Amino acid sequence: MQSIGFLGPAFFLTQLSHVNSPAMAVLCMACSQGTDAFSQSGLYSNHQDIAPRYSGVLLGLSNTAGVLAGVFGTAATGYILQHGSWDNVFEVSVGLYLVGTVVWNLFSTGEKILD
887 MQSIGFLGPA
897 FFLTQLSHVN
907 SPAMAVLCMA
917 CSQGTDAFSQ
927 SGLYSNHQDI
937 APRYSGVLLG
947 LSNTAGVLAG
957 VFGTAATGYI
967 LQHGSWDNVF
977 EVSVGLYLVG
987 TVVWNLFSTG
997 EKILD
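Be aware that the sequence shown starts at 887, since it is given in our numbering, and climbs by one per residue.
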């Protein structure tokens, strides 16, 4: 599920450079966000799997990382748009999705790590 949630958005974001109509661009963005939802099932259940006693702390840490990504991502998007285009913004997003897929598949586990 996690790979679908990362590779799906990456695919649809790459298609944005090739569409010619606003309706198709909206469809690509909607499909990107829709397939991104698949990643939530792996993310939130994994806290309970690897550390049931500390799952709240882990969720807080991961949400903090997500908020920081949102703050810095907004600033980075502004910088990229001053020097480039939306295609460059989407290329960065696709790259992050691909790196996330590789890291998740190499290092994630559903086995209990902390008691």
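Ideal Cβ positions, reconstructed from N, Cα and C, are used throughout, including at glycine. Note that the coordinates shown come from a computational prediction; the quantities given were computed from them, not determined experimentally.
Buried or exposed: where does residue i fall if 16 or more other Cβ atoms within 10 Å of its Cβ makes it buried?
i      : result
Val975 : buried
Phe892 : buried
Pro938 : exposed
Gly942 : exposed
Gly981 : exposed
Ser925 : buried
Pro895 : buried
Asn932 : buried
Tyr930 : exposed
Looking at the unbroken alpha helix (DSSP H) that takes in residue i, where does it start and where does it end?
i      : result
His933 : Phe924 to Ile936
Asn974 : Trp972 to Phe993
Gly964 : Ser941 to His969
Ile890 : Gln888 to Gln901
Rounded to the nearest angstrom, how far is the Cβ of residue i from that of residue j, given a contact under 8 Å?
i      : j      : result
Ser918 : Phe898 : 4 Å
Asp935 : Lys998 : 7 Å
Ile966 : Val978 : 7 Å
Gln888 : Trp990 : 5 Å
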